[in-house]
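Each residue of the sequence shown is one higher than the one before, counting from 0 in numbering that gives the first Met the number 0.
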Amino acid sequence: MAVENSAGQMVTHATPAASKRYTYDALGRLTDVQDTLTGASLCVARKYGYDPRGNRSLLATAASGSSTCADPANPGGAAASTTSYTYDSADRLVTESAVDAGAWVYDPLGRITTAPVRGSPGARVVNGYFANDLIASQTIDGVARQTWSLDAIGRFASYTNEAWAVGADGTPGWQEAVTKVNHYDSDSDFPAWIAEDASLPDEITRYVDGLDGNLAMQTGKTGDRVLQLIDLHGDVMTTLPIRDGEHTADWTGLAHQTADEFGNPTDLTTGIARVSDGSAPGKDGRYGWLGGKQRSADALAGVLLMGVRLYDPGTGRFWSVDPEPGGNATAYDYCSADPVNCTDLDGRWSMGGFLRRAARVAEVVATVVPGPIGAAAGAISAGAYAATGNRSRALEMAATAAAQMVGAGGAVRAGFALARAAGNTAARVGRSTVQAVRRAPVRRPAPAPRGPSCRTRNSFTPDTGVLMADGTTRPISDIDVGDLVTARDPLTGETTAQPVLDVIVGTGDKHLITVTTTAATDRGEGEAAGVVSGQDTWNATANHPIWVEGEGWTDADGLEVGDLLASANGDLRVIVALLDKGWMAGQTVYNLSVGNVHTFVIGDNGHGTLVHNCSTSSVSGRRLAEDLARREARSLAQSGGGRRIIGAERIGDRRFTGWEKRQHVNAPNGRRTAWHWMYNPRTGEVRQFKRMR
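Here it is as structure tokens:
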């Protein structure tokens, strides 16, 4: 249920998950938000203040442990925080009290070239730009780098993620983690499908639009589908997978996420904004806030690729000036401080442009709003029909789902009848060029974060041996970031030592395949390989890519007895037995992200079996925490304090399980300070705590 004021701005909005109340000033700017989480019985209140030029000057937050909201200006016993902002005479953000990594730096064109990484104290991101002002590169010194290339008409053609690591020669440098390639089917700025890993041809993601032009489904070569349930603001708030060949959803894979009014992801249990640790979110975190419009978050430092500019949800501002003057309070402002009722999808907001574009924007006739699990059944059918091209039936099922979820059956059915009459008009919406739509009502339910794409899919059981660069074998569960492993390029036959850029741990239900191999004897042309002694047995998840001679990369569940597998030295191993264990509950599995070559070798006998890595674009939060701890220790030691870094150790409590990097410093005043750097492998979050002893 939603209520609007006389200016058409939403003032209340209630869903089964949350209830939100909005207050505006006389200029239509958002000033107060009360966000009550129904299931958790708590309220997060946010208050915004502005300077005379319309720049945000204040953000005060108060989180109460009940459904009664506290006043951020007078929070009482509620947990509260206040952030202040300062600007120069050109409306450029200069300082933010919540971060301690220094001021923002601008080039002569008003573009931000250096900015603090809000979730990683001490870290800074450096931006480079193309001549057309699109982002060309982002670098977090000594941690991560992402670079883009452009196609002939100035869109992002590909992007490469790199991590800073020590190579086989002992020299630190940038190591390629993954390269992704965008493919377009129109002149729009959002891809129809993405090759998620240039070294793995079958690793693609295809995006299917609904009749309203919003993202409706994600699929790939495996045939698996992931429904993208979009709210009326255009946010992807719920995803629901459907396995290949199945007609019902995989409810165990149902995932929720939520964001505040400016696009900051929020914690489902506390309602507090989660800040980026700087790493790119990868495929499964690509589309969230405004994800239905395919505004990608696949960049460093928590920013969104918003058309021609970078948008920062943390400040509610763009990182470069508007190329079309007018229409907003300042050249960096997003939607004149009203993100609830406005979107600026292409980063080119101006009143004249809006009037021209508004005439070409068709009315949204059906949008699926996340709600109770039972109400998503219509959305599943809608996605299936959309994938097969049956647009009219897809629209009907989507409308049915929307009616169940928002409790507005009559209104949605009336909209469906109107859509039938409109017919071709709705069909023509399809994939259109990004348009900025002013005063569009928002409906924003509440759900949770997702991690990079292969963090829970392609993996091995903890005891699986990995061939290290020195020729020894180590269980995959004992490998850490920075270790050197043996990698082989299956196309060139070159074997090299490559650094581990990330260690990925997945838990839960896993489909496991047991593979047994032995070394294969030499064979003549057209002859089958013989078998010699030296069996090797390992367990892989069903869709982990294994290199099969003559076939290329093949998922584990596609292997057959007799297949020949490559090894580290070019010899072949033959599969002598396969056991499909099916889906097994409560499993812990591991994978590696390996630099440059993107392969590693598993097995305990001989030269092992060549497998593909997890080419995730995300930099390990644990690695980032350790790097920052070392950097901070050096800095404090140089200022006169002693230092001692204690190795990482596991920690855990009811809400947070991860790793802790502890750094102890004996300050000049004799007191001992302990800096705690904590990493949550489930969410990728990095936290810092300072304790005086």
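Glycine residues also receive a C-beta, built at the ideal position from the N, C-alpha and C atoms. This one's a predicted model, so the numbers in the text were calculated from it and none came from an experiment.
Note the first and the last residue of the continuous beta strand (DSSP E) segment covering Arg-123. Stepping through the sequence shown from its first residue, residue 123 is reached at position 124. Element bounds for Arg-123: 123 to 128.
Between the alpha carbons of Leu-483 and Thr-170, how many angstroms are there, rounded? Residue 483 sits at position 484 when you count from the first residue of the sequence shown. Residue 170 sits at position 171 when you count from the first residue of the sequence shown. Answer to the nearest angstrom: the Cα atoms are 12 Å apart.
Contact between the region 81 to 90 and the region 270 to 281 is defined here as three or more beta-carbon pairs at a separation below 8 Å; is this criterion met? no
What are the residues that DSSP puts in a beta bridge with Val-600? Translated into the one-based positions of the sequence shown, residue 600 becomes position 601. DSSP output for Val-600 lists Leu-609 as bridge partner(s).
Whole-angstrom Cβ separation of Val-307 and Leu-511, contact assumed at under 8 Å? Here residue 307 is taken as the residue at index 308 of the sequence shown, counted from 1. Here residue 511 is taken as the residue at index 512 of the sequence shown, counted from 1. Incorrect: roughly 46 Å between the Cβ atoms, too far for contact.
By alpha-carbon positions, which one of Val-502, Thr-342 and Asp-223 ends up nearest to Pro-474? If you number the sequence shown from 1, residue 474 lands on position 475. Of the candidates Val-502, Thr-342 and Asp-223, the one whose C-alpha sits nearest the C-alpha of Pro-474 is Val-502.
Should Ile-152 go down as buried or exposed, given a rule of 16 or more other Cβ atoms within 10 Å for buried? Against the sequence shown, residue 152 aligns to sequence position 153. Ile-152 should be labelled exposed.
Following the continuous beta strand (DSSP E) through Phe-155, name the residue where it begins and the one where it ends. For the purposes of this step, residue 155 is identified with residue 156 of the sequence shown, where counting begins at 1. Counting along the chain, the beta strand (DSSP E) containing Phe-155 begins and ends at 155 to 165.
Determine the DSSP secondary structure at Ser-18, reduced to helix, strand or coil. Looking up residue 18 in the sequence shown gives position 19. Strand, per DSSP.
C-alpha gap between Lys-509 and Thr-460, whole angstroms: Translated into positions along the sequence shown, residue 509 becomes position 510. Translated into positions along the sequence shown, residue 460 becomes position 461. If I take the Cα positions, the gap works out to 10 Å.
Whose C-alpha, out of Glu-95, Tyr-331 and Thr-517, is nearest the C-alpha of Pro-115? Locating residue 115 in the sequence shown gives position 116, where the first residue counts as 1. Residue Glu-95 is the option with its Cα nearest to Pro-115.
As assigned by DSSP and simplified to three states, the class of Cys-68: The residue labelled residue 68 in the question sits at position 69 within the sequence shown. Three-state result, Cys-68: coil.
Ser-335 (DSSP reduced to helix, strand or coil): For this step, residue 335 is matched to residue 336 along the sequence shown. Reduced to three states, the DSSP call for Ser-335 is helix.
Mind reading off the beta-carbon distance from Asp-196 to Glu-202? Whole number of angstroms is fine, and I expect it under 8 Å. Position 197 of the sequence shown, counting from 1, holds the residue named residue 196. Position 203 of the sequence shown, counting from 1, holds the residue named residue 202. Right, their Cβ atoms sit about 4 Å apart.
Neighbour-count burial assignment, Arg-52, 16 or more Cβ in a 10 Å radius: What you label residue 52 is simply residue 53 of the sequence shown in a count that begins at 1. The residue is exposed, with fewer than 16 neighbouring Cβ atoms inside 10 Å.
If distances are taken between C-alpha atoms only, which option among Ala-162, Phe-317, Ala-122 and Pro-338 comes closest to His-232? Numbered from its first residue, the sequence shown carries residue 232 at position 233. When only C-alpha atoms are compared, the closest one is Pro-338.
Go through its chain and collect everything with a Cβ distance to Leu-578's Cβ below 6 Å, but skip five positions before and after it. Here residue 578 refers to the residue found at position 579 of the sequence shown. Counting only Cβ-Cβ distances below 6 Å, and skipping sequence neighbours, we find Thr-513.
Measuring alpha carbon to alpha carbon, tell me which residue in Thr-251, Val-499, Ala-518 and Arg-144 is nearest Trp-582. Against the sequence shown, residue 582 aligns to sequence position 583. Residue Thr-251 is the option with its Cα nearest to Trp-582.
Going straight from the alpha carbon of Val-32 to that of Ala-258, what length do you get? For the purposes of this step, residue 32 is identified with residue 33 of the sequence shown, where counting begins at 1. For the purposes of this step, residue 258 is identified with residue 259 of the sequence shown, where counting begins at 1. Rounded to the nearest angstrom, the two C-alpha atoms are 13 Å apart.
Which whole-angstrom value describes the C-beta separation of Leu-309 and Ser-319, a residue pair presumed to lie in contact below a C-beta threshold of 8 Å? Position 310 of the sequence shown, counted from the first residue, corresponds to residue 309. Position 320 of the sequence shown, counted from the first residue, corresponds to residue 319. Their Cβ separation, rounded to whole angstroms, is 7 Å, which keeps Leu-309 and Ser-319 in contact under 8 Å.
State buried or exposed for Asn-568, treating a residue as buried only when at least 16 other CB atoms are found within 10 Å of its CB. In the sequence shown, the residue the question calls residue 568 occupies position 569. Counting Cβ neighbours within 10 Å, Asn-568 comes out exposed, since fewer than 16 surround it.
Considering only the beta carbon of each residue, do Ala-164 and Thr-495 sit closer than 8 Å? Here the question's residue 164 lines up with position 165 in the sequence shown. Here the question's residue 495 lines up with position 496 in the sequence shown. Contact: no.
Beta strand (DSSP E) runs wholly inside the region 38 to 95, at least 3 long, in chain order: 41 to 49, 55 to 63, 78 to 86 and 92 to 95
Within the region 481 to 514, note down every full beta strand (DSSP E) run reaching 3 residues or more, in order along the chain. 483 to 487
Decide if the region 293 to 303 is in contact with the region 100 to 111; the criterion is three or more beta carbon pairs, one per stretch, under 8 Å apart. no
Please say whether Thr-265 and Ala-254 have beta carbons closer to each other than 8 Å? For the purposes of this step, residue 254 is taken as the residue at position 255 of the sequence shown. For the purposes of this step, residue 265 is taken as the residue at position 266 of the sequence shown. Going by C-beta atoms, Ala-254 is not nearer than 8 Å to Thr-265.
Please determine, among Asp-243, Thr-472, Val-499 and Gly-287, the residue with the shortest C-alpha to C-alpha distance to Gly-605. If you number the sequence shown from 1, residue 605 lands on position 606. Comparing Cα-Cα distances from Gly-605 to each of Asp-243, Thr-472, Val-499 and Gly-287, the minimum goes to Thr-472.
Return helix, strand or coil for Ile-701, following the three-state DSSP convention. Residue coverage of the chain in this structure runs from 0 to 692, which leaves residue 701 outside it and unanswerable.
Closest to Glu-323 by C-alpha separation, out of Leu-500, Gly-222 and Asp-343, would be which residue? Residue 323 sits at position 324 when you count from the first residue of the sequence shown. If we check each option's Cα against that of Glu-323, Asp-343 comes out closest.
Determine the closest residue to Gly-75 out of Ala-97, Ala-44 and Gly-118, with distance taken between C-alpha atoms. Locating residue 75 in the sequence shown gives position 76, counting from the first residue. Nearest of Ala-97, Ala-44 and Gly-118 to Gly-75, Cα basis: Ala-44.
Determine the extent of the beta strand (DSSP E) in which Val-98 is found, giving its start and end residues. Against the sequence shown, residue 98 aligns to sequence position 99. Looking at the DSSP string, Val-98 is not in any beta strand (DSSP E), and its letter there is neither H nor E.
Count the other CB atoms within 10 Å of the CB of Asn-131; is the residue buried (16 or more) or exposed (fewer)? The residue labelled residue 131 in the question sits at position 132 within the sequence shown. So Asn-131 counts as exposed.
How many Å lie between Pro-498 and Ala-79 at the Cα? Walking along the sequence shown from the start, residue 498 turns up at place 499. Walking along the sequence shown from the start, residue 79 turns up at place 80. Whole-angstrom Cα-Cα distance: 43 Å.
For Lys-46 and Leu-591, I'd like the C-alpha separation in whole angstroms. To locate residue 46, count along the sequence shown from 1; it is residue 47. To locate residue 591, count along the sequence shown from 1; it is residue 592. Rounded to the nearest angstrom, the two C-alpha atoms are 43 Å apart.
To which residues of the same chain is Arg-91 closer than 6 Å at the C-beta, ignoring the five residues directly before and after it? Stepping through the sequence shown from its first residue, residue 91 is reached at position 92. Correct list, in chain order: Tyr-105.
C-alpha gap between Met-216 and Ala-191, whole angstroms: Here residue 216 is taken as the residue at index 217 of the sequence shown, counted from 1. Here residue 191 is taken as the residue at index 192 of the sequence shown, counted from 1. Their backbone Cα atoms lie some 11 Å apart in a straight line.
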